[in-house]
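Protein chains in written order, with our numbering: chain A, 1 to 330; chain B, 1001 to 1330.
2 protein chains.
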Amino acid sequence: MKAWQLDDYPAGNDFAAAIHLVDAPTPSAAEGEVVIANELLSLDAGTRMWMTPRTDSYQPPIPLGSVVPGLVLGRVLESRAEGFAAGDLVRAFGQWAEISVVRPELSGLVVLDDGVADPRQHLGVLGMNGWTALVGIAEVGRTRPGETVLVSAAAGATGILAAQIARILGARVIGIAGGPRKCAFLTDELGLDAAVDHRGADVEGAIAAAAPNGVDVYFDNVGGPLLDAVLPNMAHYGRIALCGLVAGYAEAQPGPRRFDQILARRLQITGFFSPDFMDRGPELTDRLRGWLDDGRLTMPFDETAGLANVLGAYAKLFTGGNVGKVIVRL
Amino acid sequence: MKAWQLDDYPAGNDFAAAIHLVDAPTPSAAEGEVVIANELLSLDAGTRMWMTPRTDSYQPPIPLGSVVPGLVLGRVLESRAEGFAAGDLVRAFGQWAEISVVRPELSGLVVLDDGVADPRQHLGVLGMNGWTALVGIAEVGRTRPGETVLVSAAAGATGILAAQIARILGARVIGIAGGPRKCAFLTDELGLDAAVDHRGADVEGAIAAAAPNGVDVYFDNVGGPLLDAVLPNMAHYGRIALCGLVAGYAEAQPGPRRFDQILARRLQITGFFSPDFMDRGPELTDRLRGWLDDGRLTMPFDETAGLANVLGAYAKLFTGGNVGKVIVRL
């Protein structure tokens, strides 16, 4: 089979020099393992954090020479683990390859409801992006009706859900995205109250204009200079749910220059990480499913066909090329 | 009477060029006001934050030409406000002067228990420093028995109480201070489990050695480069109670270089500000009073005599010259 192998840690976002499509032995299941025919790969910016020799991130670096790990959706080909049978529709942390081999207890392997109208939503609204958005807005951010919520990377997979969930919970929602096309999408298609173009000349001023009473909850996927434009715009006692730091995955960023505002405005910044919610998946998915079914929550997909095209699709996450969830269909 | 007038915003810590001892009219009480004969001035690093033209701090800058505001302890000379009578022992946000004039509702004016053995403790254990330490350790930091708590400026007025309160609540406590004398004080006199000298060569390594399982709660009074030495030493899900940023009051500091660790370690940073607890003062003071009376909580004083010597005493807060609470006796 074909698989994407990490041969080197990428410099910046030059993935093609570091990750190569190789021929690998077609796997079979050892005792306790499940083999999955991958149908969809979920491409997630966070994976970039493990494509580094640094040992102080979420988890250990991906070993050089191994296949890149990632969330996949597919059908079980062979199971030697209890609770999983050939033909099951499943989701797991598998591999960027035609076939994934996983151990249930290490991969979050779960059998999915085969009756969801668009099964891709198991990688969207009903998956890790949905959990992250819901936990970040409702629990970490403690969003209350009438509050002002700001979301960065609001056209990205997690941001797009965070912004919609904040609206559902009764907040006034401002999305940040790159360029007029995405900003128009946020207000016209997604129905947000305002949009701010982070490529604009005066981002701090644009946020101030969109949030004249300050930002109560900032759902941040980005970090970097954008955070400095937000900090002086936070309302007193505001909460920042720090979901990602995509601005700094390829190279370290200076810390936020306006860090002093955390004290001056009595802010709370909380870093959180979706795999921490794996145990709560069923409960969170139930809540998200209700909003998906009644049409209040949606995830558009940026779908690429063919395993060979993974790297081009992955790069979109770092260049702002996508609206919604980037997936690859095999 | 004599009073310290802010004639300019200080450059760095050059207070003498900016703040001058002047002759001012001896005040009398207008309707709704109380006049206090100051006996003790509480000198607090936070006041430096208002000695600036910046408008994005806690509160508006101190107007140039006015007397420097500050917490005072004294006796009422004249009252035209209900609930206060001549002779009462009181505490309030008054002025660096021989006499303070305050409005109760704007100054936190409170009549004090005249029966406390050392009345100075109304500016120490039983005052704002005590409230801040208790709220920061118990509520913002959510310290649990057996956890590791790290306190910066641990020989300073708030840190010294935070460290002791963390011990009372059953934590293992490490104090950070400048120089071997203060570090010896922390372990030998205060009974902390370990001390780290922030003037040492490898502060990050020293913290790692003192907290091999990571720091669960960091009570930070300082910010600046020290925070960068702490962030990689935080335990996962650790909490940082951000009480002060004294490293950056005189001039802006770069943001924490290791800000990424907030995400990687799922940390929570919360800025908090003692005047926010004014309404909770009686409840907090009761709890602190119990620990003061049974000898478990103490505040040493660095006492200077004479209003004329205020600026020299104040500078100690920024040069690490003090152990415990800096006060001036008039």
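Just so it is clear, CB atoms sit at the ideal spot from N, CA and C, and this is done for glycine as well.
Bear in mind that the values here come from a model prediction, so they are computed numbers and not experimental data.
Pick out the complete beta strand (DSSP E) segments inside the segment 185-253 of chain A, 3 residues or longer, and give them in chain order. 194-197, 215-220, 234-242
Determine the contact status of A/I36 and A/G94, defining contact as a CB-CB distance below 8 Å. yes
The segment 1091-1106 of chain B / the segment 1136-1145 of chain B touching (three or more Cβ pairs under 8 Å): no
I need the straight-line Cα distance from B/G1223 to B/A1247, nearest angstrom please. 6 Å
Please report the straight-line C-alpha distance between B/V1215 and B/P1300, rounded to a whole angstrom. 26 Å
A/Q261 - containing alpha helix (DSSP H), residue span: 260-264
I'd like to confirm the pairing. Which residues does DSSP put opposite B/P1069 in its beta bridges? B/Q1095
Rounded distance between the beta-carbons of B/G1074 and B/S1042, thought under 8 Å: Incorrect: roughly 11 Å between the Cβ atoms, too far for contact.
Using three-state DSSP, classify B/L1330 as helix, strand or coil. coil
Could you give the distance in angstroms between the alpha-carbon of B/R1199 and the alpha-carbon of B/G1178? 6 Å
Exposed or buried, what is B/V1111 when buried is set at 16 or more other beta-carbons lying within 10 Å of its beta-carbon? exposed
Is the number of C-beta pairs between the segment 1026-1033 of chain B and the segment 1079-1088 of chain B that are closer than 8 Å three or more? yes
Within chain A, the residues that B/R1167 reaches when beta carbons sit closer than 9 Å: Ordered by position in chain A, no residue passes the 9 Å Cβ test against B/R1167, which lies about 25 Å from the chain.
If contact is defined by three or more beta carbon pairs under 8 Å, each pair taking one atom from either stretch, is the segment 1113-1131 of chain B in contact with the segment 1148-1155 of chain B? no
By the criterion of Cβ-Cβ separation under 8 Å, what are the contact partners of A/R257 in chain B? A1252, P1254, G1255
Proximity test, Cβ basis, 8 Å: B/G1156 and chain A: no
Spatial neighbours of A/A305 within its chain, please: C-beta separation below 8 Å, excluding the five flanking residues on both sides. V328, R329
Are the segment 260-271 of chain A and the segment 1230-1250 of chain B touching by the rule of at least three beta carbon pairs closer than 8 Å? yes
On the CB-based measure, 16 or more other CB atoms within 10 Å of its CB, does B/N1213 come out buried or exposed? exposed
Rank B/V1196, B/E1303, B/G1191 by C-alpha distance to the C-alpha of B/A1209 and give the top, closest one. B/V1196
Residue range of the unbroken beta strand (DSSP E) whose run includes A/W4: 2-6
Under 8 Å (Cβ pairs) to chain B, residues found in the segment 124-142 of chain A: none
Which full runs of the beta strand (DSSP E) of 3+ residues lie inside the segment 6-59 of chain A, going along the chain? 19-23, 34-42
Which chain B residues are close to A/P63, counting only those with a beta carbon under 8 Å from its beta carbon? Those do not exist, as A/P63 stays about 19 Å from chain B at its closest Cβ, beyond 8 Å.
Near A/P69, which residues of its chain fall below 8 Å by C-beta distance, leaving aside the five closest residues on each side in sequence? T47, W50, I62, F93, G94, Q95, W96
Name, please, each residue of chain B whose Cβ falls closer than 7 Å to the Cβ of A/F272. R1266
Which residue's Cα is closest to the Cα of A/Y218: A/E189, A/G255, A/G175, A/D188? A/G175
Under the three-state reduction of DSSP, which class applies to B/R1142: helix, strand or coil? coil
What residues from chain A crowd round B/L1242, counting only those whose CB sits closer than 8 Å? I262, L263
Terminal residues of the continuous alpha helix (DSSP H) containing A/Q268? From DSSP, A/Q268 is part of no alpha helix (DSSP H) but of the beta strand (DSSP E) over 268-271.
Between the Cα of B/T1052 and those of B/D1118, B/G1012, B/N1038, B/Q1268, spot the shortest distance and give me the residue it belongs to. B/G1012
Reduced DSSP category for B/F1301 - H, G, I as helix; E, B as strand; rest coil: strand
From the DSSP output, in three-state form, read off A/R334 for me. Missing from the structure shown is residue 334 of chain A; chain A here goes from 1 to 330 and no further.
If we ignore side chains and look at the alpha-carbon of each, how far apart do B/A1024 and B/L1126 end up? 31 Å
Pick from A/A201, A/N233, A/R257, A/T270 that is closest to A/I346, judged by C-alpha positions: Given a span of 1 to 330 for chain A in the structure shown, any question on residue 346 of chain A remains unanswerable.
Does the beta-carbon of A/R181 have 16 or more other beta-carbons within 10 angstroms, so that it is buried, or is it exposed? exposed
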